[in-house]
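This report concerns only the one structure given below.
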Amino acid sequence: INQEVPEVSIPVFPDVSNAFDALMFSVEISERLQPFCRLSKRILLHICPKHRPKAALNS
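Residue numbering for the sequence shown follows our numbering, starting at 13 and increasing by one per position.
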């Protein structure tokens with residue numbers, strides 16, 4: 013099997029000059045990841061319904 017492995021780009025993070033900038037950047041990353049995490053959770057629950065926690069049945 014001869015398959016090429018795609019190259020992975022290294023993420024570029026902005027320079028932060030203080031703790032507040034780092035916190036704001038952290039919040040921004042968190043907000044951007046939330047839709048992906050929710051979608052991933054829904055897909056996994058659909059694929060593996062027997063592993064669904066009881067709390068997830070109400071959501």
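Ideal placement from N, C-alpha and C gives every residue a C-beta, glycine not left out.
Could you compute how far the alpha carbon of Leu-56 sits from the alpha carbon of Arg-64? As a first step, residue 56 must be located in the sequence shown, where it is residue number 44. As a first step, residue 64 must be located in the sequence shown, where it is residue number 52. One Cα belongs to Leu-56, the other to Arg-64, and the distance between them is close to 9 Å.
Alpha-carbon spacing of Met-36 relative to Asn-14, whole angstroms: Counting from 1 along the sequence shown, the entry for residue 36 is found at position 24. Counting from 1 along the sequence shown, the entry for residue 14 is found at position 2. A direct Cα-to-Cα measurement between Met-36 and Asn-14 gives close to 44 Å.
Could you check what DSSP says for Ser-52 in three-state terms: helix, strand or coil? Counted from its first residue, the sequence shown places residue 52 at position 40. Ser-52 falls in the helix class under three-state DSSP.
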